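Take a look at the structure below.
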Amino acid sequence: MSEKKETAISTGLLIDEKADRSIAGKIAYVWRLLWRDKAGLLGLIMFLSVVFAAVFSPWITPHDPMQQNIEASKQAPVWGEEGTAEHILGTDSLGRDVLSRIIYGSRVSITVGFLGVMMAFTLGMIIGLISGYKGGRTDNIIMTLVNMILSLPYLVFVVFVAAILGNSLLNVILIFGFTDIPIFVRVTRGEVLRLREEGFIEAAKSIGQTTPKIIFHHIMPNLLGPLITLATFEMSAMIFYEAGLGFLGLSVPPTIPSWGNMLAMGRQYLTVYPWMSVYPGLAIVFTGFGMNLFGDWLRDAMDPRMRRKKK
Amino acid sequence: MLRYLISRILYSIALLVGVLFIVFILLHLTGDPVSLMVSRQASPEEIESLRQELGFNRPLLVQFADFVKGALQGDFGNSFRYRQPAMDLVLQRIPATIELATVALIMAIIMGVTMGILGGSNPNTIWDSLARGLGLLGQTIPTFWLGLILILVFALQLGWFPTYGRETFQILGVHLPDKSIILPAFALSLFTTGQLVRFTRSAVMEVMNEDYVTTARSKGLKKMRIYTKYVLKNAAIPLISIIGVQFSYLLSGSIYIETIFSWPGLGNLLAEAVGTRDFFLVQATAFFTSFVVIGLHLLTDFIYVLVDPRIRYK
Amino acid sequence: MSTILSVQNLKTRFTTFDGTVYAVNGVDFDLKQGETLAVVGESGSGKSVTMLSLLGLLPAESAAVSGEAYLQLESIEANLLGISKEQLNRIRGKHISIVFQDALRSLNPVMTVGEQISESLITHMGYNKKNARSRAVELLEDVGISYPEKRYYSYPHQFSGGMRQRAMIAIAIACEPEILIADEPTTALDVTIQTQIVDLTRRLQDKMGMTVIWITHDLGVVAGIADRVMVMYAGMPIEKAPVDELYENPQHPYTEGLLGAIPEIGETEQNRLISIGGAPPDLFAAPKHCQFAWRCPYVFDRCWREIPPYFEVGDGHFSKCFYDMNTQQARGEE
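Put into structure tokens, the structure is as follows:
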């Protein structure tokens, strides 16, 4: 044993001999936690597979998702009537392969989710930092605004704005990115206030640390945990909302394959050709399920209190 | 307590003014509201005359003042499509949505709160797993997709329910929905059920770890009594706020559900209005739904005050 | 005086995410009728956990309690650690009551204070609602709460800290228990109120003939109320003695350290506060040797090899230490 460890043990300070503070040690710790909770691992795998599908779509789709083929239209999946292995999940009313469109649809979902969250995360964190750190009137004004926005019926306004701005990927990203800012503000501010209450900020100021240093060194590391967890859940929510908007015809233009668009189109044929709606929906469920499992694990892993409870 | 209530009322009013502003400004977001509302083939002269007729050529502030004046009288302009005052149309559709949302909420409370209590008070048992599973389900199944699946299975395959529309039966001259409400309400309720399960479960778990529960046990009180008077009573208080928040989600979800099930409510109206670019109607619907949500939040605040002695006696 | 409670080899382990916590590692003591036993120790010494273990108040999923605790009262005899939940419920609140430290968190916020007293009376003594209410009002008056009829309908948050603690006491003594356990009831209060609460407890004890176990880390309080003292460290009692004996002739190095750490009024510059070096013990392993060894100024090799047994160093005075404070030498091997 190293001399340091011996002293630590003899003074009763070292509780966990396995504690390893290096980066590699931390990653190993996280991996062990993940492995212990298989659900979180499953969630991560599910999520990554969707990302994989989004990134590598052109290479893994059996057909061109845009290619119309009237003769092959409205074909059932391979296990249905007159289904073929050519189109495993069948085709839509214009003869486009459902499976390929689902795979391509993941691109829209992941892009919207990722960029939307990035935007809300960044702006929300900045505003939250200002609000929590400065306190006083600034804080009051910001929080009143935040609470007001959060109390309104979300989808109603999203639909309104989407209708005004028109169908485009950029619009969708902007809408979700913007409307999700309040949640990130609230959580960030909450963390800043908690740190303030625990005396970190006061202590740092008293030894003369400058504001930027305090923020980067002390506050941000504590923020990352809760914010990343929140980002996971919000990304999942955005993917759902994008699909919902698509269902109402307000998301990306109908030519671009998106899960919501597919549901919108498939709806008319629900009674006769249900596969056009069912499978895109399953893709959404799959994504959401994975992200939620992972998010739950993330939340438990980040929360020091939870870790001490019996598993 | 009175001060709290008054401040909440003032807050709600301020919020409503804010909503009016947002609803107004959104229409002008692209700078030219008229172009949003006309068909592609309209000629420049037609557009210009429409602009004059609707007063969109006036300064923004003047327009807003007029808008507010009209809003206070319930006048949100006329729907293009229906050629009727927008707010009238909105008011016509309310009952159907209220029915739907209420039934959905009741379903969610019965399923969600019950499972939450069972799960929270029996940690690490099958009930706990079921509760968590239900929470996950509510979170991961998109409302619109669920509606489609329910129709597919229960209406088309099994034929137990109608595939669309709101059918009613009469009692004492009042029209009440029959089983046609079951599928749409259930689809609408699942998300809220998930929220309620999660919240109730964690609230119960938290309360069970509170010191006063230990005190109750140290007094040798019967389990049932501790359960009702100590655990549930305390967990119920924050639950009221959570239920209040659900109205927002229910109204949002109704946009999908009413569209899918052709349910003649506000959600359906909004989806249609957006589809036909009938923006005055969109404004009216958006404002009114906000009004309802804000009103319900205020109601929740009132109930909260009555129920929590820590606020009631300050 | 007869023994009304005999605790033998009480051990409590908690299963946690980070490992097993050995909170209580073999507690033995006898409680004599009418006495006040003070249980002293720092945070983590296991004093509260011991009492919670006796009354079955620890979460069943994570806590494992072993040992025996023989209760011998006029009306009931039982091994607290061996009986069923239902039987335990008849003892809790009726024969043994506990007053907790943080009254604000230990009282039900949505129930009136009066009702929290009444329910004990209704549950254990067969009172009906009306009678329970009037008795509760009497009890509120007994503990020194003014306007008891009005205060019956108040909620805990409407009381001041001292009043809340009195209310907790009223709840605890409602059924006239033979044993009252006070778990640091004055720690969160300021000194003047502390004295009041201590006096109140003494008065009630005399009036009702209760036996009191008083848990504290404050040696000043101990001097004021205790007949006997049990000093705990790392989940074990390391010294047991009558109160005067303990103060005049501490035998265990830890006790000596504790007493040396009390500031006294009138101390000259020569006498400084001696603090005990080192850190509290790690409770994640079952003890195999004396747990005070790391911090003990008199430690020698035997201390690291075995857990010391109790050595009788005086009349009713026991020290769990291999070092003989009187002769300043290691005790001979047996």
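Chains as they are written, first to last, in the numbering used here: chain S, 5 to 315; chain Z, 32 to 345; chain P, 69 to 402.
The C-beta atom is built at its ideal place from N, Cα and C for all residues, glycine as well.
This one's a predicted model, so the numbers in the text were calculated from it and none came from an experiment.
With contact defined as three or more Cβ pairs closer than 8 Å, the segment 204-220 of chain Z and the segment 124-139 of chain Z are in contact. Proximity of chain Z to P/F168 at the Cβ level (cut-off 7 Å) is accounted for by D242, T246, in chain order.
For S/W301, the enclosing alpha helix (DSSP H) covers residues 279-306. Take P/S174, set aside five residues on each side of it, and the residues of its chain with a beta-carbon closer than 6 Å to its own are F168, in chain order. Spatial neighbours of S/L199 in its own chain (CB-CB distance under 8 Å, excluding positions within 5 residues in sequence) are listed in chain order as I205, H222, I223, N226. Residues A208 of the same chain have their beta carbon placed closer than 6 Å to that of S/I218, with the five preceding and five following residues left out of the count. For Z/P173, the C-beta contacts it makes with chain S under 8 Å involve F244, A247, G248, G285, I288, V289, G292, in order along the chain. DSSP places Z/H206 in the uninterrupted beta strand (DSSP E) bounded by 205-208. Nearest C-alpha to Z/F98 among Z/R197, Z/T245, Z/F200, Z/L57: Z/L57.
The Cβ of S/I168 sits closer than 8 Å to at least one Cβ of chain Z. DSSP, read as helix, strand or coil, puts S/I211 in coil. Across the set P/L351, P/T395, P/F379, the C-alpha of P/L351 shows the shortest separation from the C-alpha of P/R81. Identification of chain S residues near Z/I180 by a Cβ-Cβ cut-off of 8 Å yields V282, G285, ordered along the chain. Check the Cα spacing between P/P224 and each of P/D170, P/I283, P/E154, P/A347: the tightest is with P/D170. Per DSSP, the continuous beta strand (DSSP E) segment holding P/Q140 begins and ends at 131-140.
Below 8 Å, too few C-beta pairs join the segment 157-164 of chain P and the segment 228-235 of chain Z to call them touching: fewer than three. Pairing P/D295 with P/P305 gives a Cβ-Cβ distance that is not under 8 Å. In the DSSP assignment, P/G382 is bridged to P/H385.
Listed along chain P are N176, P177, V178, each with a C-beta nearer than 9 Å to that of Z/N265. For the pair of segments examined, the segment 68-77 of chain S was found not to touch the segment 40-58 of chain Z: the number of CB pairs separated by less than 8 Å stays below three. For P/G161, at least one C-beta of chain Z is nearer than 8 Å to its own C-beta. DSSP links P/L248 through a beta bridge to P/S165, P/V280. Look at S/M152: its C-beta is under 8 Å from a C-beta on chain Z. Inter-segment contact for the segment 228-237 of chain S and the segment 273-284 of chain Z is absent: fewer than three beta-carbon pairs are separated by less than 8 Å. Against chain Z, the CB of S/P81 has no partner CB under 8 Å away; the residue lies outside that interface. For P/I72, the enclosing beta strand (DSSP E) covers residues 71-84. Its Cα nearest to that of P/I249, the residue P/T118 stands out among P/T118, P/E110, P/G94, P/Y215. Below the 8 Å Cβ cutoff, chain Z contributes L179, I291 as neighbours of S/R271, in chain order. Contact with chain Z is found for P/Q226, since one of that chain's Cβ atoms lies less than 8 Å from the residue's Cβ. If you draw a straight line from the Cα of P/G212 to the Cα of P/S152, it comes to about 37 Å. Restricting attention to S/L103, S/G292, S/L98, the CA atom closest to the CA of S/E90 is found in S/L103. About 20 Å separates the Cβ atoms of P/I265 and P/S188, ruling out a contact at the 8 Å cut-off.
Within chain Z, no residue has its CB atom less than 7 Å from the CB of P/T118, the nearest being about 14 Å off.
Residue-level contact check: Z/G151 does not touch chain P, since none of the beta carbons of chain P fall below 8 Å from its beta carbon. By the beta-carbon neighbour count (other beta carbons within 10 angstroms, threshold 16), Z/N240 is exposed.
DSSP links P/A309 through a beta bridge to P/V297.
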